[in-house]
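Notes follow the structure.
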Amino acid sequence: MSRVLVGVKRVIDYAVKVRVKPDKTGVVTDGVKHSMNPFDEIAVEEAVKMKEKKIASEVIAVSCGPAQAQETLRTALAMGADRAIHVEVTGPAYDTLQPLHVAKILAKLSKDEKADIVIVGKQAIDDDSNQTAQMTAALLDWPQATFASKVEKTGDGLTVTREIDGGLEVIKTKLPAVVSADLRLNEPRYATLPNIMKAKKKPLKKVTPKDLGVDIAPRIKVVSVEDPPVRQAGAVVPDVDALVAKLKEGGHI
Amino acid sequence: MSQPQRRAVINLYKTLLHLGKDWPQGYELFRTRLHRVFMKNSGEQDPEKIKMMVKHGEFVVKEIEALYMLKKYRAMKRRYYDEN
C-alpha cells in the first residue's frame, strides 16, 4: 500500500474571462471566481480512485498559496482526500511563486510524509507552465510518468499510458514515482454538498515554506503581461479572381 | 407529509441550490426558477407522487453534475487539444 501526495492549485475559474491589469503587471484576480485547476481535479480523482482500489492507503492534498487556497483543499477533501497540507505563501511572494518553488515544496513534503506516489495536474490553466511534475521528479530523483491517460498498478510499480504527439506511449516505472495527469485520465467527481460538510472535519495542517526550509526567492522576473492580439476582421471578396489575387498578395499561394 | 419525506425534499432543495452556484447563466436565475418549481408542487399530499417527484429531482441533480463535467471537459479540450 502506498501513500499518495496530490498537488492542487487554486486558479481563476475556467469559465471566467481573464482581464489584464492596466499596469501590465498581471491579471485581475480581485473579486474573480476561483476554483481548483481542472487538471488537478483529475489528479485528485486518480488518487482517490487508487484509494478505492486499495492501491493507496492515504491521500494527502497539498496546495501552496494564500488563505483562500484552503477552499481548494476543502474541495480536494470533499472529493475524497484524507488530509490536507496548506503551504502558506501570501502577498508579493505568491505573485512571484514559480514551478521550481512549488516543486521544491512538493519534494520536501513527499519526503516528510513518506509518500510513494506524487500526482499533479500536467499544468495549471493560469500560467500553463507544465513544469512542476518534471521538476519534482528531478529534485527527488524519482522516475516520472507525465501526461498520463491511464495508470495501473503492476507488480511493485506502475504501468502508465502517456499521451504523446500522434499517439500513446506505455511505460513502466518503479515506485516511488511522480505522475502528471492528462485530460483523458478520468472523469473527476463533483464535490457534493454533504461531502463538503464532512470535509470540514478532516485535518488540515498549515505550514510555511520557511518551516520546510525552502527558499522562495524569485528566479524569474515578469517584465510585462499583455492581452493576446485581437483577431482581425475578415473581408468578403466579390469573385474568384479577387480571392486568388488576395491570396497571392498574402503569400498563401 | 411524513417526516422522512419532508427531509428528503429539503435535502433535494439544498443540493440543487448548491449546484446552482455554478450555473452558467448565474445563481439568481437558477434560484428563482428552482423556487418556483418547488412552490408549484408544494401543495402535493400524495406520498407516492412526492416520492416520484423526489426521484425526478435526484435525476436532475445527476444531469446537472454531468452537464458541468462535460462543459468543463469540452472547454479544456477546445483550449488545449484541438489542432484546428
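First to last, the sequence lines map onto chains A and B. Residues 2 to 254 (my numbering) make up the first sequence, in order. Residues 92 to 175 (my numbering) make up the second sequence, in order. Even glycine gets a Cβ: it sits at the ideal position worked out from N, Cα and C. Given the structure is predicted, the values throughout are model-derived calculations rather than measurements.
Query, Result
"Beta-carbon proximity of Ala77/A to Ala62/A, cut-off 9 Å", "yes"
"Asp117/A beta carbon less than 9 Å from that of Val5/A", "yes"
"Residue environment, Phe148/A, which counts as buried when at least 16 other CB atoms sit within 10 Å", "buried"
"Three-way DSSP call (helix, strand, coil) for Ile217/A in this model", "coil"
"Exposure label - Gly168/A; buried when at least 16 CB within 10 Å", "exposed"
"Near-chain A residues of the region 97-111 of chain B (beta-carbon distance less than 9 Å), N- to C-terminal order", "Asn102, Lys105, Thr106, Leu108, His109 and Leu110"
"Rounded C-alpha distance that separates Ser150/A from Tyr164/B", "14 Å"
"Neighbour list for Glu188/A in chain B, Cβ cutoff strictly below 7 Å", "Met160"
"Sheet register partners of His35/A (DSSP bridge)", "Ile13/A"
"Cross-strand partners of Glu164/A (DSSP beta bridge)", "Leu169/A"
"Where the beta strand (DSSP E) containing Ile86/A begins and where it ends", "Arg84 to Glu89"
"Beta-carbon gap between Asp127/A and Val28/A smaller than 9 Å", "yes"
"Nearest-angstrom Cβ-Cβ length linking Lys175/A and Pro210/A, presumed shorter than 8 Å", "So it is not a contact: roughly 30 Å between Cβ atoms."
"Euclidean distance between Cα positions of Met171/B and Gly214/A", "Met is not the amino acid found at residue 171/B; the sequence shown has Tyr there. When rounded, the distance between both Cα atoms is 36 Å."
"Extent of the continuous alpha helix (DSSP H) to which Arg124/B belongs", "Tyr118 to Lys131"
"Any chain B beta carbon closer than 9 Å to Pro100/A", "no"
"Nearest residue (CA-CA) to Met198/A, options Leu186/A, Met80/A and Leu101/A", "Met80/A"
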